[in-house]
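The next block holds one structure in the form of structure tokens; read it before the comments.
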Amino acid sequence: MNQRFLGWLFRLLICTVLVSAIEIISTPSASDLSLGNEFVLSWESDHFTIKKGSVNIWSTVPGKPFVSADGHHNSGKTSNDSSNPQTFEFGCKSQNVLSFQYVDWKETFTGTAVQVRGQLLRCQNMATTYLLTFWVPSMNPDRVAFRLDVSPLHNPNVILNNLCFRFAMHPHDTLYGFDWNGPFTLPNNNSMTITSIIHDNLPAVNGVNETYSSDEDIGGAGGTLAYITTSGRLFYLYNSSTAHAKFDFTVKNVVSIEYGSLIMNGAFAKGADLFDASAKLTAATGRTLLQLEQVS
């Protein structure tokens with residue numbers, strides 16, 4: 002079977018299985034920290050939320066990891082027919098949350114950000130640190146920006162290649178968004194995967210449609226990856242996040258983003274409705290989704 006396909010399938014399974022099977026451990030005490038402009042990050046026993054007043058802007062899935070990573074491990078052993086060390090792929094199978102606190106941060110509404118620190122665990126019996134930082138941008142204080150950084154393991158035999166970021170999706174929302182090919186629509190109770198790269202010859206697997214073309218297409222930037230919803234929720238990756246990305250909606254009420262790098266930057270917001278969210282996206286990226294009422 003095509004090696005590239007097997008690698009892609011492995012990474013997709015890591016993102017999907019962790020949502021349904023592994024629990025977060027070693028969590029901090031409950032606490033609320035202000036991000037500025039009335040946005041508040043809260044830890045609620047087994048998940049994070051960001052609210053503005055009583056409005057839920059963003060949240061992780063209760064009791065489930067929201068960060069993972071995958072890569073390969075060098076066994077240090079050689080096979081009978083090769084002098085090269087044997088390697089095999091792995092995915093970090095658990096996560097903890099150690100702390101969240103204020104840090105100095107540039108270009109923010111308050112001059113500070115809130116940084117969540119923890120570890121990815123059981124990465125081939127090893128661990129690595131992640132940092133997830135939230136702030137309100139000084140130029141666009143109606144939204145929350147984030148930076149997810151999965152630091153490499155100190156063990157030279159373990160290399161991380163991709164990260165996975167996942168969070169909750171409102172159960173009654175319909176999605177509208179942009180990928181490489183332009184606008185897409187995802188009605189209620191459906192699932193699909195979108196990608197930043199044009200692909201054209203890999204069969205659909207488990208309801209996920211993605212195909213691969215030539216090697217030189219893999220890893221190129223596909224412009225702004227974004228979606229908005231009928232309830233006015235907005236999520237997008239910054240143009241600086243140029244690695245290959247997939248937005249996966251195949252687990253009900255969960256968004257999983259597989260990203261071909263160890264640092265991801267983006268933002269999310271809540272508008273009054275679909276069109277308000279579209280205006281916020283246009284203000285930040287120059288792209289508009291107002292034509293999507295014509296998309297089938």
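Note that my numbering has the sequence shown beginning at 2, numbered continuously upward.
Glycine included, every Cβ here is placed at the ideal spot set by N, Cα and C.
- Here DSSP, grouped into helix, strand and coil, assigns F276 to helix.
- By the criterion of at least three beta-carbon pairs nearer than 8 Å, the segment 267–284 is in contact with the segment 227–244.
- The C-beta distance from S152 to T129 rounds to 6 Å, short enough to meet the 8 Å contact threshold.
- In terms of Cβ geometry, L164 and I229 do not form a close pair [threshold 8 Å].
- The C-alpha of I58 lies about 12 Å from the C-alpha of A273.
- A contact is defined here as three or more CB-CB pairs under 8 Å, and the segment 63–70 meets this definition with respect to the segment 39–50.
- Rounded to the nearest whole angstrom, the C-alpha separation of W106 and F166 is 22 Å.
- Under DSSP, D33 shares a beta bridge with S43.
- Going by C-alpha positions, N240 is about 31 Å away from S55.
- For L176, the three-state secondary structure derived from DSSP is strand.
- Residue pairing by DSSP places Q120 opposite N97 and T130 in a beta bridge.
- Y239 has no beta-bridge partner at all, per DSSP.
- L149: member of the beta strand (DSSP E) spanning V145 to V151, first to last residue.
- Assigned with DSSP and collapsed to three states, L161 falls in strand.
- Looking at G92, G287 and R118, the one whose alpha-carbon comes closest to that of I160 is G92.
- A direct Cα-to-Cα measurement between V145 and S95 gives close to 26 Å.
- In this structure, L121 lies near S69, with their beta-carbon atoms less than 8 Å apart.
- A residue is called buried once 16 or more other Cβ atoms fall within 10 Å of its Cβ, and M140, having fewer, is exposed.
- Straight-line spacing of the CA atoms in W136 and T111 works out to 8 Å.
- Per DSSP, the unbroken beta strand (DSSP E) holding V56 starts and ends at V56 to S60.
- Here V104 has A114 and Q116 as same chain residues with Cβ atoms under 6 Å from its own Cβ, once five neighbours each way along the sequence are excluded.
- Burial is judged here by how many other beta carbons sit within 10 angstroms of a residue's own beta carbon; K253 has fewer than 16 and is exposed.
- Annotation: the continuous beta strand (DSSP E) that includes K271 extends over I264 to K271.
- Annotated three-state conformation of A244 is coil, per DSSP.
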